[in-house]
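Numbering (my numbering), first residue to last: 64 to 339.
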Amino acid sequence: MKLNLTVLSETHKNILRVQRKFVISALDAIAAYLVKNGDVGTELREMLNKEYMINYYDVIPDKGPLIAHEIELELLVTNENGEVEIKVFRKDFRKANEALICIVSSKLKGRKARLLDMLKDATGEQIKLINTHITQTENLIKECYYLKLRSQLLIAEVGGLHFIDDILKQVSKNIKSDAHANYILFKKELQTLKELVQLNSPVREQRDYIFPYDTQDILAQRREFNKIFNNCKLLLSSLLQEGLLESTHENSIIMSFKHLQHLFFAKCDVNFIALR
């Protein structure tokens, strides 16, 4: 499927903008650490600060059961010449390593390998110092992992919320009676779907991330989603059959439901991978 980020509401765009700003800031701090310790040159930080280099491969899961839930992201970017253009980013194994988080993470892994080599010939205080650097490097590698994980979850979540809003907008705009019991129930069920879509992302406590849920919670959430999702489609069918909604809008609404389901399952799959 394709998720066109250019048509998201400003509210949803701002959620992604905040996350991207956070990711770039975190990566720049890590790059500064690598530069300070002589692991990379200053060009890494310069690359991170070039807007046209920022891509979204990192927010698309690159392995596991998500093969069935590939997402293409369409968004506006500023290219090397300062021109704005629409670009589509796909899940692409050949280009995945070009992603910024992967680049920084690979530099950290290289640093860790060098530190482990140094440890072989170290003695006394040197061992303690090197182990301290290894621990710090491992923590930064973990930070990269969670930057990627949280971005994956957020893309799926914001996309799901976008399609819920789109469904409600299409139905509300064309419903012939907004006081009908099934329409009121339909809106209520959509609100429940919205709450389910926003559940389950790791949270940061002090310097570490924790998962306040497990795989059983995800499975229970999926079952609840499927139940409410099917209720919504039955209610939509009822509104159409009763003539409260023109059938000309049916295909578009059904497609938004399909995309919503796709993104919700993608978020669940990201969590399943992380909780293994």
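Using N, Cα and C, we set each Cβ at its ideal position, and we do this for glycine too.
Measuring CA to CA, which of the options is closest to residue i?
i: Lys99; options: Leu253, Leu216, His196 and Glu252; result: His196
i: Lys76; options: Glu313, Ile166 and Leu224; result: Leu224
i: Leu90; options: Leu210, Val70 and Asn194; result: Leu210
i: Leu79; options: Gly222, Asn194 and Arg339; result: Gly222
i: Glu258; options: Glu305, Glu220 and Leu71; result: Glu220
i: Ser169; options: Thr186, His312, Asp102 and Asn289; result: Asp102
i: Ser240; options: Leu308, Met110 and Ser301; result: Leu308
i: Lys290; options: Leu163, Glu206 and Gln324; result: Gln324
i: Glu201; options: Val86, His312, Pro265 and Leu97; result: Leu97
i: Ile336; options: Leu216, Lys232 and Glu287; result: Leu216
i: Arg285; options: Lys330, Thr198, Ile227 and Cys207; result: Lys330
i: Leu203; options: Leu303, Ala95 and Leu253; result: Ala95
i: Gln199; options: Glu188, Leu171 and Lys183; result: Leu171
i: Gln233; options: Glu305, Ala185, Glu313 and Arg108; result: Glu313
i: Glu252; options: Val266, Leu231, Asn237 and Tyr276; result: Leu231
i: Asn194; options: Lys205, Ala176, Gly104 and Cys207; result: Ala176
i: Ile166; options: Leu107, Leu282 and Phe249; result: Leu107
i: Tyr276; options: Lys236, Ser301 and Arg339; result: Arg339
i: Thr311; options: Glu109, Leu182, Ile238 and Ala185; result: Ile238
i: Gln254; options: Leu302, Leu326 and Cys295; result: Cys295
For the alpha helix (DSSP H) that residue i lies in, which residues bound it at each end?
i: Ile227; result: Glu188 to Asn237
i: Asn112; result: First-last for Asn112: undefined, no H or E at that position.
i: Leu50; result: There is no way to answer for residue 50, as the model of the chain reaches only from 64 to 339.
i: Val86; result: Glu73 to Lys99
Please classify residue i: is it buried, with 16 or more other beta-carbons within 10 angstroms of its beta-carbon, or exposed?
i: Phe156; result: Here Phe156 scores only 42 on pLDDT, less than 50, and its place in the model should not be relied on; the value that follows carries that caveat. Exposed: under 16 other Cβ atoms inside 10 Å.
i: Asn263; result: buried
i: Arg213; result: buried
i: Ile247; result: exposed
i: Ser319; result: buried
i: Gln269; result: exposed
i: Ile316; result: buried
i: Glu273; result: Note on residue identity: the sequence assigns Ile, not Glu, to residue 273. When all chains shown are included, Ile273 counts as exposed.
i: Ile190; result: exposed
i: Asp332; result: buried
i: Leu179; result: exposed
i: Gln279; result: exposed
i: Asp229; result: buried
i: Leu71; result: buried
i: Arg174; result: buried
i: Ala244; result: exposed
i: Phe328; result: buried
i: Asn293; result: exposed
i: Leu256; result: buried
i: Asn334; result: buried
i: Phe85; result: exposed
i: Glu188; result: exposed
i: Val81; result: exposed
i: Leu299; result: buried
i: Val260; result: buried
i: Leu297; result: exposed
i: Leu111; result: buried
Can you find a heavy atom of the ligand HEM that lies under 7 Å from the Cβ of residue i?
i: Leu256; result: For the structure depicted, the ligand HEM is absent and the ligand set is empty, with no information on it obtainable.
Quick one: which unbroken alpha helix (DSSP H) runs of 4-plus residues sit fully inside the stretch 245 to 324? Chain order, please. 278 to 304
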